[in-house]
Structures are given as C-alpha cells and as structure tokens.
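Protein chains in written order, with the working numbering: chain A, 1 to 112; chain B, 1001 to 1114.
Structural data, given as structure tokens:
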C-alpha cells in the first residue's frame, strides 16, 4: 500500500525559512495536501497541490512537487512562533472513499 | 463555516468500560472517518463510512465498532476499553463535491483508559 514518510522534528529560528519534506510511494496519487495541527486541536488544511502541478504559492507558503522522485515539500517563509505546530503530509488518489494516506507528521518548533 | 463536531474533548474511562465517541458534521458529506493519532505514528484509519448504515474497516479496526444511522452522525464504539486504546481520536468527513477532496476534521477526543 501507499507509504508516506516525513522527518519527525524540525527547529528553526524566528524569521528564517522552514522547509518540511515528504516522500510518498504511490505514483498515482493525484491530490497532495499539507495539514497543520496546533496543540490540542484537530487538523486543518493548510494547502494542497494537484499532481499535474510543480509548484504552488500562497502568501508565505510554497509547495514544490517532484513527481519523478515522489517528493513533496512545504516552505514557510519568515517563520513565526505561531507557525509552531505539527505538519502532516497526505496523499490521495481521488476524492472518493478512504484512499487518503497521512505521513507521521513533522513537529515544527520555532525558536525566538 | 463548515463544521465537524466531536461530542467530548476529554474522557477518562476504566478498563472494561464501554465508550461512545460521537461525531456530527453539518456539510451533508457522504463520507465520514474515524482515525486514531499516536505520537510518531501519524493518523491511522479505524473505520470509515461512505453512506448511511454502510461501514468499512480501515487499517486498525480491532477493538472498535462504528454506527452510522444518520448521514450527519458517525459514532465510534469501544465495547470494552483497554489501556492500549488510550489515544487521540479524530473524526473527519469528506464529500464528493468540490475540487480539493480534502478531509474536514473535528477538534479531536482525547481518551485515557486507566
């Protein structure tokens, strides 16, 4: 089955850029997502990218997709303390059923 | 604003007790899911439902059952709670409409089994 991998921890200084990486195994994944989970809360969709795109930019967020290497990254520019959270990479082959696979999550710590 | 509501944010139960976790969504979504979240393991799918009275096992269904009597409500049942079921439980829903296919999550229910 599909496997999604992420490093578990990342620390950056406030104002620096953060880059969170994700690799996946199923090349037929058509939707790729980044979710954010703040302490004690559920997951909220941060951004997403379709598999026919290479890059998507949304304010401080940049998503890069390398389909050949099955690699997805999330870059947060000018990282703030409010960005401290767990970031989950997730992939899906479509919007039907349960074919939604999450990575283990990367805990981002932003140091002042 | 779309909403998935989980009935209990925090529960403490004793081993052997029956536990009900309720989830309600107001988006008229067909698909609803129960995940459990443990540190370092990410989210693991317990059960999902694609229609009223329909259910499918996920990756870790053992020790759990579910009920979907109405479209908006999906319940997770632990018939006899055990300490290894101490975890954060997340409910989610997803519709067939729209172009993102995203899951909408509730705030989570943190269950402690003593």
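Ideal placement from N, C-alpha and C gives every residue a C-beta, glycine not left out. On a predicted model such as this, the values are computed, not experimentally measured, just so you know.
Sort out for me which residues DSSP pairs residue i with in a bridge.
i: residue 1076 (chain B); result: B:1021, B:1066
i: residue 13 (chain A); result: A:111
i: residue 1112 (chain B); result: B:1012
i: residue 1057 (chain B); result: B:1047
i: residue 1036 (chain B); result: B:1044, B:1089
i: residue 5 (chain A); result: A:23
i: residue 65 (chain A); result: A:72
i: residue 178 (chain A); result: The question about residue 178 (chain A) has no answer here: the residues shown for chain A are numbered 1 through 112.
i: residue 115 (chain A); result: Nothing in the structure corresponds to residue 115 (chain A), since chain A is present only between 1 and 112.
In this structure, how does DSSP classify residue i when only helix, strand and coil are distinguished?
i: residue 99 (chain A); result: coil
i: residue 1083 (chain B); result: helix
i: residue 18 (chain A); result: strand
i: residue 1004 (chain B); result: strand
Would you kindly report the start and end of the unbroken beta strand (DSSP E) that includes residue i?
i: residue 71 (chain A); result: 71-76
i: residue 83 (chain A); result: Run containing residue 83 (chain A): none; DSSP gives neither H nor E here.
Ranges of the beta strand (DSSP E) found wholly within the stretch 20-61 of chain A, counting only runs of at least 3: Residue ranges of uninterrupted beta strand (DSSP E) with 3 or more members, entirely inside the stretch 20-61 of chain A and ordered along the chain, are 31-37, 43-50, 55-58.
Contacting positions in the stretch 1093-1112 of chain B - beta carbon closer than 9 Å to chain A: For the stretch 1093-1112 of chain B, the set of residues with a beta-carbon nearer than 9 Å to any beta-carbon of chain A comprises 1094, 1095, 1096, 1097, 1098, 1099, 1100, 1101, 1102, 1103, 1104, 1105, 1106, 1107, 1108, 1110, in chain order.
Going along the chain, which residues of the stretch 24-37 of chain A sit with their C-beta nearer than 9 Å to a C-beta in chain B? Within the stretch 24-37 of chain A, the residues whose Cβ lies closer than 9 Å to some Cβ of chain B are 30, 31, 33, 35, 37, listed in chain order.
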